[in-house]
Amino acid sequence: MLKICWNLNQAHYTMRFYTINMYEVVAWLLLFWLLYRLSPALPLLCSGFM
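Heads up, the working numbering is the position in the sequence shown plus 118, with the first residue counted as 1.
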C-alpha cells in the first residue's frame, strides 16, 4: 500500500515538473517569436535607448 502511495507521489511530481517545463518552452517560444517579429525595429529601439 505504501509503495503504491509513493509511486503516485512520484508520478504527481514528475507530471508537475513536466507541466512546468511545458510552460517554460511556451514562454521561450513566445519570447523568440516576439524577438523575430521586432527584429526590424530592434536597431531603432537600441539607438533610442542609447
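For every residue, glycine included, the Cβ atom is placed at its ideal position computed from N, Cα and C.
Query: Please report the distance separating the alpha-carbon of residue 151 from that of residue 144.; Result: 10 angstroms
Query: Does DSSP classify residue 158 as helix, strand or coil?; Result: coil
Query: Can you give me the C-alpha to C-alpha distance between residue 157 and residue 122, rounded to a whole angstrom?; Result: 52 angstroms
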